[in-house]
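There are 2 protein chains.
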Amino acid sequence: MHPMPIIECIPNVSEGRRPEIVEAIAAAIRGVPGARLLDHSSDPSHNRSVFTFAGDAAAVKAAVLAIYEQAMKAIDLRHHAGEHPRLGAVDVVPFVPIEGVTMDACVALARDVGREVAERFAVPVYLYEEASANPARKNLEDIRRGEFEGLAAKMATAGWAPDFGPATPHPAAGASVIGARMPLIAYNINLNTDRVDVAKKIAAAIRQSSGGFRFVKAAGFELKDRGIVQVSMNLTNYEKTPIFRVFETVKREAERYGVSILESEIVGLVPAAALNATAEYYLQIGGFKSDQVLENKLRDA
Amino acid sequence: MHPMPIIECIPNVSEGRRPEIVEAIAAAIRGVPGARLLDHSSDPSHNRSVFTFAGDAAAVKAAVLAIYEQAMKAIDLRHHAGEHPRLGAVDVVPFVPIEGVTMDACVALARDVGREVAERFAVPVYLYEEASANPARKNLEDIRRGEFEGLAAKMATAGWAPDFGPATPHPAAGASVIGARMPLIAYNINLNTDRVDVAKKIAAAIRQSSGGFRFVKAAGFELKDRGIVQVSMNLTNYEKTPIFRVFETVKREAERYGVSILESEIVGLVPAAALNATAEYYLQIGGFKSDQVLENKLRDA
Chain H
-8 MHPMPIIECI PNVSEGRRPE IVEAIAAAIR GVPGARLLDH SSDPSHNRSV FTFAGDAAAV
52 KAAVLAIYEQ AMKAIDLRHH AGEHPRLGAV DVVPFVPIEG VTMDACVALA RDVGREVAER
112 FAVPVYLYEE ASANPARKNL EDIRRGEFEG LAAKMATAGW APDFGPATPH PAAGASVIGA
172 RMPLIAYNIN LNTDRVDVAK KIAAAIRQSS GGFRFVKAAG FELKDRGIVQ VSMNLTNYEK
232 TPIFRVFETV KREAERYGVS ILESEIVGLV PAAALNATAE YYLQIGGFKS DQVLENKLRD
292 A
Chain R
-8 MHPMPIIECI PNVSEGRRPE IVEAIAAAIR GVPGARLLDH SSDPSHNRSV FTFAGDAAAV
52 KAAVLAIYEQ AMKAIDLRHH AGEHPRLGAV DVVPFVPIEG VTMDACVALA RDVGREVAER
112 FAVPVYLYEE ASANPARKNL EDIRRGEFEG LAAKMATAGW APDFGPATPH PAAGASVIGA
172 RMPLIAYNIN LNTDRVDVAK KIAAAIRQSS GGFRFVKAAG FELKDRGIVQ VSMNLTNYEK
232 TPIFRVFETV KREAERYGVS ILESEIVGLV PAAALNATAE YYLQIGGFKS DQVLENKLRD
292 A
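Sequence lines, in order, name chains H and R.
Residue numbers for the first sequence follow the working numbering, beginning at -8 and rising by one.
Residue numbers for the second sequence follow the working numbering, beginning at -8 and rising by one.
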């Protein structure tokens, strides 16, 4: 048999202070056959919760609609405050291709879910990242700028009609941003120095915003308790900007300051393909196929 | 839910010329619930077939017994010839821990299966590799030396009583070697030179038998059609002799001859952990856990 297609979905919901609401949403996800809730966490100061679940397209769609059912009756953004920017009660819904599924399929799913959310809940929906056909509306930060409080004015300006749903915000639930993107890798490199200027310069050298790699976001920080500094990164497309190329570039840039790499660190999850590509690179492996990984072969048999 | 324990089993059977016998054995494996036949291949000049299947301990044990049922009625080593050395109709049966199972559990399984094979089929059984408590009887080549034709004399000499079963060979089926071992990685490194002496010297430097790494078998070959040479290896314990250390040593040894690595090649299957350890090494990743691999997390949830 072939492996089930796996799509990961990581909705961000504007509620992080009332545990009973968060638990009701988690229970709604768990209640969908084929949807597996992997993780959820709430930040009271952000007043926001992040849910991570996975399944095939049908299961993931059903789970998203179940989240809206709960969120729409419990959350009113007119009475919501928190440190994290937000546009809607269900603020952001990304679909991420993991296994046996293409990015195109996730884009199609984002459009399908966006249309249904707009129809069923009268919430305007903006498509983002890979699901957006509009270059000015790919970036989440651009879409969310102005937040819920500025949404009615923003929607009335040219170029900001939603992709689906009404032309004005839902009174209580605002708007939602739904889309498809690659898995994100949170990756830190610690340097054998206490000079934070070195970490900041290296971060500037490798991140897209200041001329570096297309799919790198980076910042330099001090780790004061350890007396060292860190280049902290998000790698937003490990296929096009691979982890080993970022590591080697940081290493070379550090050398010009007489600094070496102490260690690196993957925070949270990493796709197996990103690690396999790293092994292939350093071992100069030619013609490797993912079904040569024993565990993959065993699972697909 | 937790993942099912997965044990791989790769029996070598002394029949590679009669497809109907090979197919009957394959069908017997497929007929065991929970046993997944991943691959089988026959070599007529060796007159030998290799089956690869996987499952939990109970399924793998049932499949091995089903193989004996077929092999015992179809194979008579008194009328068997082939290039490959062999001691028995079912010649070698290794159990390999893959996922959610320890080496100790595979050793226990080897003993359990060995005892049952001896009782049910009156075949003497030698335990080998990790399942052997006797240092002189760990190595398959040592146990198999003398082959079927020399088996009766060998069994009569001191130190060669079998671990289970009768003190003399089974008249038609000889004896079996059953044990537990780590997954084996077949790994080749191609060098940018046509000097086969360089490949042979590097092979000698890295293999255990001539002073190299404990878990490396290696030989140097010419690839005449490509005008290059190859260091061809079996890595028999990737945890204790990791692939990256072997690669880096070959690279350094090649440098003394002014030779560089063209590419490397993994033949067949490789455990994910061997690739992950390689990525961790080169990226200097500290404190990585296998449940940080997205696919593992998804599967275990």
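Idealized CB from N, CA, C, for every residue including glycine.
Check	Outcome
Inter-residue Cα distance where the pair is residue 184(R) and residue 268(H)	26 Å
Any chain H beta carbon closer than 8 Å to residue 284(R)	yes
Minimum Cβ-Cβ distance from residue 312(H) to chain R less than 8 Å	Because chain H spans -8 through 292 in this model, residue 312(H) falls outside it and cannot be assessed.
Backbone CA spacing between residue 165(H) and residue 142(H) [nearest angstrom]	7 Å
Residue interval of the beta strand (DSSP E) (run including residue 43(H))	39 to 46
For residue 277(H), the three-state DSSP class (helix, strand or coil)	coil
Contact between the stretch 254 to 270 of chain H and the stretch 267 to 286 of chain R (3+ Cβ pairs under 8 Å)	yes
Touch test, the stretch 125 to 138 of chain R against the stretch 74 to 86 of chain R, Cβ-Cβ under 8 Å, three pairs minimum	yes
Within chain R, the residues that residue 288(H) reaches when beta carbons sit closer than 8 Å	29, 260
Chain-ordered residues of the stretch 265 to 277 of chain H with a beta carbon less than 7 Å from chain R	266, 267, 269, 270, 273, 274, 275, 276, 277
Buried/exposed call for residue 294(R), threshold 16 Cβ in 10 Å	Because chain R here runs from -8 to 292, residue 294(R) falls outside it and cannot be looked at.
Proximal residues of chain H, C-beta to C-beta of residue 256(R) below 9 Å	276, 277, 278, 279
Host beta strand (DSSP E) of residue 10(R) (start-end)	From DSSP, residue 10(R) is part of no beta strand (DSSP E) but of the alpha helix (DSSP H) over 10 to 21.
DSSP-derived helix/strand/coil call for residue 94(R)	helix
Contact residues within the stretch 182 to 212 of chain R, judged by C-beta distance below 8 Å to chain H	none
Sufficient close CB pairs (3 or more, under 8 Å) joining the stretch 80 to 90 of chain H to the stretch -1 to 8 of chain H	yes
Environment of residue 35(H) [buried if 16+ CB atoms lie within 10 Å]	exposed
DSSP-derived helix/strand/coil call for residue 55(H)	helix
Proximal residues to residue 250(H) (C-beta, below 8 Å), its chain only, five neighbours per side dropped	182, 183, 184, 186, 189
Residue(s) in a DSSP beta bridge with residue 85(H)	170(H)
Contacts that residue 234(H) makes with chain R (C-beta to C-beta distance below 9 Å)	270, 274
Ranges of the alpha helix (DSSP H) found wholly within the stretch 123 to 198 of chain H, counting only runs of at least 4	131 to 135, 142 to 147, 187 to 197
With 16 other Cβ atoms within 10 Å as the buried cut-off, status of residue 161(H)	buried
Residue interval of the alpha helix (DSSP H) (run including residue 237(H))	234 to 246
Residue range of the unbroken beta strand (DSSP E) whose run includes residue 31(R)	27 to 34
Among 228(H), 234(H), 230(H), 222(H), nearest to residue 245(H) - alpha-carbon criterion	222(H)
Proximal residues of chain H, C-beta to C-beta of residue 42(R) below 9 Å	Within chain H, no residue comes near residue 42(R); the closest Cβ sits about 13 Å away, beyond 9 Å.
Residue -8(H) burial status per 10 Å Cβ neighbour count (16 or more: buried)	Annotation note: pLDDT 39 at residue -8(H) (below 50); position unreliable, no value reported.
Supposed close pair residue 50(H), residue 26(H) - CB separation, criterion 8 Å	4 Å
From 29(H), 180(H), 33(H), -3(H), residue whose alpha carbon lies closest to that of residue 46(H)	-3(H)
C-alpha gap between residue 194(H) and residue 120(R), whole angstroms	50 Å
Alpha-carbon to alpha-carbon, residue 123(H) and residue 196(H)	28 Å
8 Å Cβ cut-off: residues of chain H touching residue 252(R)	275
Spatially closest choice to residue 256(H) from 253(R), 240(R), 242(R), 273(R), by CA coordinates	273(R)
Inter-residue CB distance, residue 104(H) and residue 55(H) (contact presumed, cutoff 8 Å)	5 Å
Chain H contact for residue 3(R) (CB, 8 Å cutoff)	no
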